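Engineer: Protein chains in written order, with our numbering: chain F, 25 to 384; chain D, 18 to 206; chain P, 532 to 776. Okay, here's the structure, questions in a sec.
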Amino acid sequence: MKNKEKRLMRGSEAIGEAAVRAGCACYFGYPITPQNELTEYMARRMMETGRVFLQSESEIAAINMSLGAASTGVRVMTSSSSPGISLKQEGISFIAAMELPCVIVNIVRGGPGLGNIAPAQSDYFQATRGGGHGDYRTIVLAPGSVQELYDLTRKSFELADEYRTPVLLLADGMLGQMMEPVVFNDKEILPEQLPDKPWTVKGAKDRPSRFIRSLLLDVDVEEEQNWRLYRKYQRIERREIRHEEYYMKGAELAIVAYGTAARIAKAAVKRCVEKNMRVGLIRPISLWPFPYEHIYKTAETVKHFMSFEMSTGQMIEDVQLGVKGRAEVLMYGRPGGVVPTPAELFRVISRAYNKIAREK
Amino acid sequence: MLVKTVFAGFGGQGVLLMGVCVATAAMNEDKFVTYMPSYGAEVRGGTANCTVSISTDEISSPIASSPNYVVAMNNPSLLRFQHIIKPGGYIVTNSSLVNVELGRSGVTQIQVPGSDIAEELGAMRSANMVMLGAYAAVSNVVSFQSLIDAVGEVTGKKKKELVEFNIKAIKAGHDYAKEQIKKFASIEA
Amino acid sequence: MKDAVTHYCQGCGHSVIHRLTAEVIEELGIADRAVGVPPAGCAVLAYFYFDVDMIEAPHGRACAVATGIKRANPESIVFSYQGDGDLAAIGTAEAVHSANRSENITVIFVNNAVYGMTGGQMAPTTLLGQRTTTSPAAAGREVHREGYPIKVSELLASLEGSTYIERCAVNSVRAIRRTKKAIREAFLTQMNGEGFSMVEILSPCPTNWKMSPVKSWKWIDEVMTPYFPLGVIKDSRKGSKKDAG
């Protein structure tokens with residue numbers, strides 16, 4: 025397959041292929057809809073390439089197998105959907121504490137509880153606030169197309185290695201299931217081409233033995249470790265914020281949306297612009313770190329924001345933290361697995377926009 | 018331009034493959050395209066459908082809220098999707114199996130006996146390819162040639178003879194639908 | 532072993548079992564390939580004592596972590612070191628499925644019939660009639676309320692995938708020698724690529740049993756071994772039996 029050639033790929037397969045081409049050596053997973061296509065794709069491709077695929081006995085086992093494999097220095101991925109990601113949280117906390125690189129994919133479904141298998145964005149809090157116990161963060165990337173699923177999967181592995189931290193790829197059933205053309209913009213890396221990591225536990229050959237742990241009984245030591253992690257997170261906040269803008273020039277109302285919701289928002293915003301409404305879109309691509317600073321600066325001139333989410337309102341809290349009271353923040357959400365139509369959102373935005381215009 | 022099409026039928030009728038072929042053709046024509054299958058518990062009931070959206074611009078939602086075209090391979094598909102078709106849209110039905118009446122106005126129904134034509138050609142399971150040809154004739158959303166090429170690309174990985182047969186089936190469906198459209202045109206004239 | 536003073540209580544079996552494991556690793560010449568996975572439990576600090584690479588596992592997940600290490604790096608010799616609460620309660624699924632997959636790892640399973648580190652609560656292996664802080668009735672653990680002590684070795688032996696399973700004790704010089712031999716057999720099983728091996732070791736916990744070390748030794752003989760019989764529970768190895776010392 026030539027690099028620049030377009031091919032029609034399912035979202036979950038784009039994630040899988042990106043992982044394989046990023047030199048992922050181990051994948052551990054457990055069946056749950058709507059992400060089984062990724063697990064099945066990995067089963068096929070990892071066997072073809074002579075790498076490790078293992079269907080675990082639970083999501084808990086899968087994340088801990090990932091932890092073990094990551095400790096040997098290889099690139100590792102696990103994936104699941106919302107309820108399964110909840111089960112993985114303890115392990116993710118350990119991986120963050122032990123500073124191991126690991127890529128975790130969440131194909132979010134409607135919740136809480138068993139919910140349904142429809143596309144949703146209701147795991148935002150869990151994803152962006154660490155998710156498990158303890159004072160830690162995970163990098164969270166939110167792709168909005170199959171091409172981006174591909175590109176950001178590769179990026180996830182790179183960020184995980186660079187910062188020795190778990191990276192969460194947050195998608196949903198729609199992005200995972202849909203097919204779109206994908207271009208491979210990257211160079212394939214084989215696992216054996218990746219540089220050796222100086223902290224692994226693979227046996228103390230020609231060096232003193234070492235250990236990886238998270239238990240730090242001495243509070244002073246634990247405090248210092250927490251500050252160390254904090255400084256790392258600050259570094260990530262300085263360097264790894266990603267977002268995109270659409271029709272923001274001269275906008276009076278800024279829609280903020282990510283992932284699937286941002287696709288819908290794009291169409292709705294375009295319609296607004298065609299009707300001469302000054303509406304734009306800010307699409308955070310990294311949900312943590314969140315583009316607070318950018319939103320703050322935008323709020324200098326834009327006095328109205330609307331968080332549009334496939335949930336009852338979670339990201340809105342980050343938008344509010346971003347504007348710091350400089351602007352009004354509205355909310356429109358559809359939870360439970362409902363994917364709103366661009367026409368519906370257009371109506372909502374129009375109403376809000378007209379109200380703003382009247383009050384001016 | 019944004020054109021949405023739903024392909025629907027029994028599991029096993031190859032409706033998902035129809036969608037993938039059309040989507041591939043559109044991709045090769047450098048159009049924006051999304052393909053969205055039904056998934057999960059929904060497909061366990063034995064029905065399957067997918068939506069293909071083709072546009073000259075970025076596509077927001079790959080879901081069919083109001084499709085321009087529906088290709089219905091069986092009765093449940095017609096019943097389920099007839100009411101969401103955009104006014105002025107088309108429903109192409111596999112009249113070998115679809116015998117319920119269309120329950121709405123404002124859309125054009127093109128009836129093509131896909132399963133019968135496929136059986137005459139020698140393989141009943143190619144009814145999906147016959148209907149794909151019919152759809153191409155009705156919609157013109159992708160060129161006939163790129164559809165033929167796409168079918169070769171998608172189904173040709175294993176057998177060359179299969180591709181040739183599929184192309185034959187597509188042409189048969191295409192020709193049949195053209196005749197139907199002509200009849201419509203003469204009635205209207 | 533590192534030159535360190537352990538944190539274990541007087542009469543505790545852990546230090547003996549650490550030593551036996553470390554000796555076997557050294558004698559087999561695998562110290563530069565060994566990776567240990569200590570549990571949450573009394574042995575959580577084992578990485579301060581073992582002079583081999585180690586990585587801590589979340590409570591109960593040592594077998595899963597060990598699986599990940601072994602699969603990612605098959606040349607390493609991977610052992611988990613787990614207590615009864617860790618392996619037989621919260622980590623049952625991981626242990627059962629690792630054994631069932633014939634995962635080529637070695638489990639050192641320390642059975643002292645209580646949760647030690649947390650303060651002597653009832654464990655899945657607590658014996659009927661044994662009093663603990665969470666089975667405080669005069670009659671101790673009772674079947675109608677707390678069910679039966681789990682015989683982990685027999686349970687895992689029933690799985691097609693497990694290869695070598697032996698139950699030992701560390702309450703006499705003879706028993707300790709036997710335990711060392713069992714650990715050696717278990718590591719050899721792994722080195723020969725023959726699959727899942729486990730040594731269950733009945734180990735005294737004088738502090739939580741509220742007994743003297745000497746009485747604890749006796750209690751293992753008199754109360755534990757009648758329920759948890761010692762010996763090779765399963766040995767389905769093909770190649771390594773002859774080589775084993």
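Every residue, glycine too, gets a C-beta built ideally from N, C-alpha and C. Remember, predicted model here, so these are calculated numbers, not experimental data.
Going by C-alpha distance, which of 53(F), 69(F), 355(F) and 54(F) is nearest residue 45(F)?
Structural biologist: When each option's Cα is compared against that of residue 45(F), the closest is 69(F).
Engineer: State the Cα-Cα distance for the pair residue 114(D) and residue 130(D), rounded to the nearest angstrom.
Structural biologist: Each residue's alpha carbon lies about 8 angstroms from the other.
Engineer: Taking its Cβ as the centre, do 16 or more other Cβ atoms sit within 10 Å of residue 584(P), making it buried, or is it exposed?
Structural biologist: By the 10 Å Cβ count, residue 584(P) comes out buried.
Engineer: For residue 203(D), is the classification buried or exposed, using 16 other Cβ atoms within 10 angstroms of its Cβ as the cut-off for buried?
Structural biologist: So residue 203(D) counts as exposed.
Engineer: Would you identify the three-state DSSP class for residue 204(F), choosing helix, strand or coil?
Structural biologist: In the structure shown, residue 204(F) sits in a strand (DSSP, three-state: E or B).
Engineer: Less than 8 angstroms between the beta carbons of residue 106(D) and residue 79(D), yes or no?
Structural biologist: No, the Cβ-Cβ distance between residue 106(D) and residue 79(D) is not below 8 angstroms.
Engineer: Which chain F residues sit within Cβ distance under 7 angstroms of residue 679(P)?
Structural biologist: The contacting residues do not exist; residue 679(P) stays about 23 angstroms from chain F at best.
Engineer: Can you give me the Cβ contacts of residue 26(F) inside the same chain, cut-off strictly under 6 angstroms, excluding the 5 residues immediately before and after it?
Structural biologist: Because residue 26(F) sits at a pLDDT of 44, beneath the cut-off of 50, its placement in the model cannot be relied upon, and the point is left open.
Engineer: Please report whether the beta-carbon of residue 79(D) lies at a distance below 8 angstroms from any beta-carbon of chain F.
Structural biologist: Judged by the 8 angstroms Cβ criterion, residue 79(D) is in contact with chain F.
Engineer: Give the interface partners of residue 639(P) over in chain F, defined as CB-CB distance under 7 angstroms, in chain order.
Structural biologist: Those do not exist, as residue 639(P) stays about 17 angstroms from chain F at its closest Cβ, beyond 7 angstroms.
Engineer: Please report the distance separating the alpha-carbon of residue 32(D) from that of residue 591(P).
Structural biologist: Each residue's alpha carbon lies about 47 angstroms from the other.
Engineer: Along the chain, which unbroken stretches of the beta strand (DSSP E) at least 3 residues long are found entirely within the stretch 723-768 of chain P?
Structural biologist: For the stretch 723-768 of chain P, whole beta strand (DSSP E) runs of length 3 or above, ordered along the chain, are 727-733 and 762-766.
Engineer: In chain P, which residues lie less than 9 angstroms from residue 114(F) when you measure between Cβ atoms?
Structural biologist: In chain order: 589, 590 and 592.
Engineer: I'd like the list of long-range same chain contacts for residue 625(P), defined as Cβ closer than 7 angstroms, with 5 residues on each side in sequence excluded.
Structural biologist: 591, 592, 594 and 595, listed in sequence order.
Engineer: Can you pull out the residues from the stretch 538-555 of chain P whose beta carbon lies closer than 7 angstroms to at least one beta carbon of chain F?
Structural biologist: Of all residues in the stretch 538-555 of chain P, none has a Cβ within less than 7 angstroms of some Cβ in chain F.
Engineer: Residues in its own chain within less than 6 angstroms of residue 736(P) by CB, not counting five upstream and five downstream?
Structural biologist: Closer than 6 angstroms at Cβ, skipping near neighbours: 643, 645 and 647.
Engineer: Mind checking if residue 293(F) is an interface residue toward chain P, Cβ cutoff 8 angstroms exclusive?
Structural biologist: It does not; no Cβ of chain P falls within 8 angstroms.
Engineer: What does the alpha-carbon distance come out to for the pair residue 110(F) and residue 155(F)?
Structural biologist: Each residue's Cα considered, the two are about 8 angstroms apart.
Engineer: Assuming residue 104(D) and residue 123(D) are in contact, meaning their beta carbons sit under 8 angstroms apart, how far apart are those beta carbons, in whole angstroms?
Structural biologist: So it is a contact: roughly 4 angstroms between Cβ atoms.
Engineer: Got a sec? Which residues, its chain only, sit under 8 angstroms from residue 774(P) by beta carbon, not counting five neighbours each side?
Structural biologist: Low per-residue confidence applies at residue 774(P): pLDDT is 48, beneath 50, and the placement is therefore not dependable, though the value from the model is reported in the following sentence. Result list for residue 774(P): 719 and 723, in chain order.
Engineer: In angstroms, rounded to a whole number, what distance separates the CA positions of residue 132(F) and residue 143(F)?
Structural biologist: About 6 angstroms.
Engineer: Need the endpoints of the beta strand (DSSP E) that residue 103(F) sits in, please.
Structural biologist: Note, residue 103(F): beta strand (DSSP E), 99-104.
Engineer: Ignoring anything shorter than 3 residues, give me the beta strand (DSSP E) runs that lie fully in the stretch 58-142 of chain F, in order along the chain.
Structural biologist: Correct list: 76-79, 99-104 and 126-132.
Engineer: Tell me whether residue 328(F) sits in a helix, a strand or coil according to DSSP, three-state version.
Structural biologist: Residue state, collapsed to three classes: strand.
Engineer: If we count Cβ pairs, one from each stretch, closer than 8 angstroms, do we get three or more for the stretch 76-83 of chain F versus the stretch 196-210 of chain F?
Structural biologist: Contact fails: fewer than three Cβ-Cβ distances are below 8 angstroms.
Engineer: Kindly indicate the opening and closing residues of the alpha helix (DSSP H) around residue 578(P).
Structural biologist: Premise fails: residue 578(P) is in no alpha helix (DSSP H) and is neither H nor E.
Engineer: Listing by chain order, which chain F residues have their CB less than 7 angstroms from the CB of residue 44(D)?
Structural biologist: Within 7 angstroms Cβ-Cβ: 30, 32 and 205.
Engineer: So, are the CB atoms of residue 305(F) and residue 286(F) less than 8 angstroms apart?
Structural biologist: Yes. Within cutoff.
Engineer: For the beta strand (DSSP E) holding residue 195(F), just list the boundary residues, first then last.
Structural biologist: Taken as a continuous stretch (DSSP letters only), the beta strand (DSSP E) holding residue 195(F) covers 190-196.
Engineer: Just the chain F side, please: which residues come within less than 9 angstroms of residue 790(P) by C-beta, in chain order?
Structural biologist: This structure gives no information on residue 790(P), because the portion of chain P shown stretches from 532 to 776.
Engineer: Give me the Cα-Cα distance between residue 776(P) and residue 532(P), rounded to the nearest whole angstrom.
Structural biologist: Confidence at residue 776(P) is low in this model, with a pLDDT of 40, below 50, so its placement is unreliable and no value can be given for it.
Engineer: Relative to chain P, which residues along the stretch 90-123 of chain F have a C-beta separation below 7 angstroms, given in chain order?
Structural biologist: Residues passing the 7 angstroms Cβ filter: 90, 91, 92, 93, 95, 96, 98, 114, 115 and 118.
Engineer: Closer than 6 angstroms by C-beta to residue 75(F): which residues in its own chain qualify, once you throw out the five before and the five after it? Chain order, please.
Structural biologist: Excluding sequence neighbours, residue 75(F) sits near 49.
Engineer: Quick check: the stretch 119-136 of chain F against the stretch 83-102 of chain F, are there 3 or more CB pairs under 8 angstroms?
Structural biologist: Yes, they touch.
Engineer: Helix, strand or coil: how does DSSP classify residue 33(F) here?
Structural biologist: Strand at residue 33(F).
Engineer: Pick from 162(D), 185(D), 178(D) and 139(D): whose alpha carbon is nearest that of residue 146(D)?
Structural biologist: Out of 162(D), 185(D), 178(D) and 139(D), 185(D) has the C-alpha closest to the C-alpha of residue 146(D).
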